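Numbering (the numbering used here), first residue to last: 264 to 662.
This is the structure we're talking about:
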């Protein structure tokens, strides 16, 4: 029942520290008393280009230079930076006949039917989730389910802005606080992110890279989050799915796989994912998280959590290590710390009614990750599952 699943609740590990974060669903900026954030920003700000202007409008204006000096994805889907020292974005799954499967805008409070479907299809550890920091703050236990079931978690900003329209300092804050919230609520520090709407240029890439975040993009879009009933309809989305399936069945991905943009946004987007999953499974030899397709076995800063290699995954080893991963203050995250509430931080628009390269660059990334890694007390991942199962009385079969 989506109404039960989306009942606001309190979760003390997050509630006790929410004052150290921007307003939930408010635009992020560095809090004036956040010494760690200020220190990190000061340490990387000199590496952020100042000759790339903050974009004022979306879509790109007609007078934007046709040679795309900023590698602005929104202008021409540029994924190879023009600024020296930045790695290219990931827009394809490099393994052949492979779908890099992932969903933006979670965690969604009513995603349990969707997760249960994936489990029923033996598609554990199947996908990458690009989590919005504000959604994690509102629904930390839902975020924990993703980790507990072996899915890959990446960042998707704090408030989902067009990132090129945001100042460099505030763009840093959008990423910084999202990563910190995921660490606080889930216990892991992501090393990947996806810009909302795909809106990125070399200025934003430089900020993400300085924070050790790999940029994950796509080349195929279902437009499932853009349905407005007029310009984009349900039929548009289904046509996009079918066109993508036709491309896959034509053999277009026999050498290099694909990444498809989909969303964990509402009943429609998740229902479409369920509807088209069997056809995707038929069209692709393998469906894996994007990180697995990249053979990225270390998806988080924490060394005690790993994903299988691509070869291990397709051979049947889809489980992950991570029994020592736990949210911060796991001793206070015992079931007694969870209660339903009639009020919470502002709810996300993603809530649904569903039932169902350089050495210098690497050094900078490592330093950034060290600073971003909050100290977590050790505990069993089973505690996550126990706490999660008590989220709201009446919710059954969550795990």
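The beta-carbon is built from N, C-alpha and C at its ideal position, and this holds for glycine as well.
Being a predicted model, the structure only gives us computed values, none of them experimental.
Any contact between the region 519-526 and the region 481-493? By contact I mean 3 or more CB pairs, one from each, below 8 Å. yes
Start-to-end residues for the alpha helix (DSSP H) that takes in residue 396: To locate residue 396, count along the chain shown from 1; it is residue 133. Taken as a continuous stretch (DSSP letters only), the alpha helix (DSSP H) holding residue 396 covers 396-401.
Distance, residue 360 Cα to residue 592 Cα: By one-based count along the chain shown, residue 592 stands at place 329. By one-based count along the chain shown, residue 360 stands at place 97. Confidence at residue 592 is low in this model, with a pLDDT of 40, below 50, so its placement is unreliable and the value that follows should be read with caution. Their backbone Cα atoms lie some 42 Å apart in a straight line.
Anyone know if the C-beta pair for residue 414 and residue 392 falls short of 7 Å? Taking the first residue of the chain shown as position 1, residue 414 is located at position 151. Taking the first residue of the chain shown as position 1, residue 392 is located at position 129. Yes, they are a contact pair.
CB-CB under 8 Å to residue 572, same chain, minus the five flanking residues each way: which ones, in chain order? One-based indexing of the chain shown puts residue 572 at position 309. Closer than 8 Å at the Cβ level, and outside the excluded window around residue 572, lie 555, 558, 560.
If you follow the beta strand (DSSP E) that residue 379 is in, where does it begin and where does it stop? Here residue 379 corresponds to residue number 116 of the chain shown, with the count starting at 1. Not the beta strand (DSSP E): residue 379 falls in the alpha helix (DSSP H), residues 375-383.
Closest by CA to residue 265, which one among 375, 551, 428? The residue given as residue 265 occupies position 2 in the chain shown. The shortest Cα separation from residue 265 among 375, 551, 428 belongs to 375.
From this set, 358, 509, 417, 397, which residue's C-alpha is nearest residue 517's C-alpha? To locate residue 517, count along the chain shown from 1; it is residue 254. Among 358, 509, 417, 397, the Cα nearest to that of residue 517 is on 358.
For residue 415, the residue or residues it bridges with in DSSP: The residue given as residue 415 occupies position 152 in the chain shown. 391, per the DSSP bridge assignment.
Under three-state DSSP, which class holds residue 522? For the purposes of this step, residue 522 is taken as residue 259 along the chain shown, with counting starting at 1. Strand, per DSSP.
Applying the 10 Å Cβ sphere with the 16-neighbour rule, what's the burial state of residue 670? The displayed coordinates of the chain run from 264 to 662. Any statement about residue 670 would go beyond what the structure contains.
Exposed or buried, what is residue 488 when buried is set at 16 or more other beta-carbons lying within 10 Å of its beta-carbon? In the chain shown, residue 488 corresponds to position 225, counting from 1. Buried, because 16 or more other Cβ atoms sit within 10 Å of the Cβ of residue 488.
What three-state label does DSSP hand residue 425 in the structure shown? Numbered from 1 along the chain shown, position 162 holds the residue referred to as residue 425. The answer is coil: DSSP assigns residue 425 none of H, G, I, E or B.
Cutoff 7 Å: residue 559 Cβ touching any chain D Cβ: The chain labelled as chain D is not found in the depicted structure, where only one protein chain is given.
Quick check on the burial criterion: 16 or more other C-beta atoms within 10 angstroms. Buried or exposed for residue 305? Along the chain shown, read from residue 1 onward, the residue named residue 305 stands at position 42. Classification for residue 305: exposed.
What would DSSP say about residue 581, mapped onto helix, strand or coil? As a first step, residue 581 is located in the chain shown; it is residue number 318 there, counting from the start. Residue 581 falls in the coil class under three-state DSSP.
Using only the alpha-carbon positions, how far apart do residue 581 and residue 412 sit? The sequence position of residue 581 within the chain shown is 318, counting from 1. The sequence position of residue 412 within the chain shown is 149, counting from 1. Answer to the nearest angstrom: the Cα atoms are 10 Å apart.
Going by beta carbon distance, what residues of the same chain come within less than 7 Å of residue 380, once the five residues before and after it are set aside? Counting from one through the chain shown, the residue named residue 380 turns up at place 117. So the list reads 537, once near-sequence residues are dropped.
Under 7 Å, do residue 426 and residue 396 count as touching if we go by C-beta distance? Counted from its first residue, the chain shown places residue 426 at position 163. Counted from its first residue, the chain shown places residue 396 at position 133. No, Cβ-Cβ distance for residue 426 and residue 396 is not below 7 Å.
Note down the Cα distance separating residue 323 from residue 335, rounded to an integer number of angstroms. Within the chain shown, the letter at position 60 stands for residue 323. Within the chain shown, the letter at position 72 stands for residue 335. Their Cα atoms are separated by approximately 9 Å.
Considering only the beta carbon of each residue, do residue 293 and residue 466 sit closer than 7 Å? Here residue 293 refers to the residue found at position 30 of the chain shown. Here residue 466 refers to the residue found at position 203 of the chain shown. No, Cβ-Cβ distance for residue 293 and residue 466 is not below 7 Å.
Simplified DSSP assignment, three categories, for residue 285: Your numbering for residue 285 matches position 22 in the chain shown. Here residue 285 sits in coil by DSSP.
Residue 394 versus residue 288 - alpha carbon distance: What you label residue 394 is simply residue 131 of the chain shown in a count that begins at 1. What you label residue 288 is simply residue 25 of the chain shown in a count that begins at 1. Cα to Cα, the separation comes out at about 13 Å.
Per DSSP, cross-strand counterpart(s) of residue 455: In the chain shown, the residue the question calls residue 455 occupies position 192. DSSP output for residue 455 lists 477 as bridge partner(s).
What are the residues that DSSP puts in a beta bridge with residue 551? As a position in the chain shown, residue 551 is number 288, starting the count at 1. Per DSSP, 363.
Span separating the alpha-carbon of residue 312 from that of residue 349: For the purposes of this step, residue 312 is identified with residue 49 of the chain shown, where counting begins at 1. For the purposes of this step, residue 349 is identified with residue 86 of the chain shown, where counting begins at 1. Roughly 12 Å between the two C-alpha positions.
Going by DSSP in three states, residue 607 sits in which element: helix, strand or coil? One-based indexing of the chain shown puts residue 607 at position 344. Summary for residue 607: the model assigns pLDDT 37, below 50, so the residue's position carries little reliability, and this model does not support an answer.
Assuming residue 371 contacts residue 528 (C-beta within less than 8 Å), just tell me the rounded distance between them. Translated into the one-based positions of the chain shown, residue 371 becomes position 108. Translated into the one-based positions of the chain shown, residue 528 becomes position 265. Indeed, because the Cβ distance is near 7 Å, the residues count as touching under 8 Å.
Residue 274 beta carbon less than 7 Å from that of residue 452: Counting from one through the chain shown, the residue named residue 452 turns up at place 189. Counting from one through the chain shown, the residue named residue 274 turns up at place 11. It is not a contact, given that the beta carbons lie outside the stated cut-off.
Residue 363 versus residue 550 - alpha carbon distance: Indexing the chain shown from 1 puts residue 363 at position 100. Indexing the chain shown from 1 puts residue 550 at position 287. Roughly 6 Å separates the two Cα atoms.
Residue nearest to residue 301 in terms of C-alpha spacing, selected from 343, 432, 367: In the chain shown, the residue the question calls residue 301 occupies position 38. Selected option, being the one with the closest Cα: 432.
Output the distance between the C-alpha atoms of residue 383 and residue 579, rounded to the nearest integer angstrom. Against the chain shown, residue 383 aligns to sequence position 120. Against the chain shown, residue 579 aligns to sequence position 316. Roughly 16 Å separates the two Cα atoms.
Can you tell me the Cα-Cα spacing of residue 508 and residue 501, whole angstroms? Translated into positions along the chain shown, residue 508 becomes position 245. Translated into positions along the chain shown, residue 501 becomes position 238. So the two alpha carbons sit approximately 10 Å from each other.
Can you tell me which of the three DSSP states residue 353 falls into? By 1-based counting over the chain shown, the position of residue 353 is 90. Residue state, collapsed to three classes: strand.
Coil, strand or helix - residue 483 by DSSP: On the chain shown, residue 483 is found 220 positions in, with the first residue counted as 1. Three-state result, residue 483: strand.
One question on the structure: do residue 533 and residue 284 come within less than 7 Å of each other, judged by their Cβ atoms? The residue labelled residue 533 in the question sits at position 270 within the chain shown. The residue labelled residue 284 in the question sits at position 21 within the chain shown. Not in contact: residue 533 and residue 284 (Cβ atoms no closer than 7 Å).
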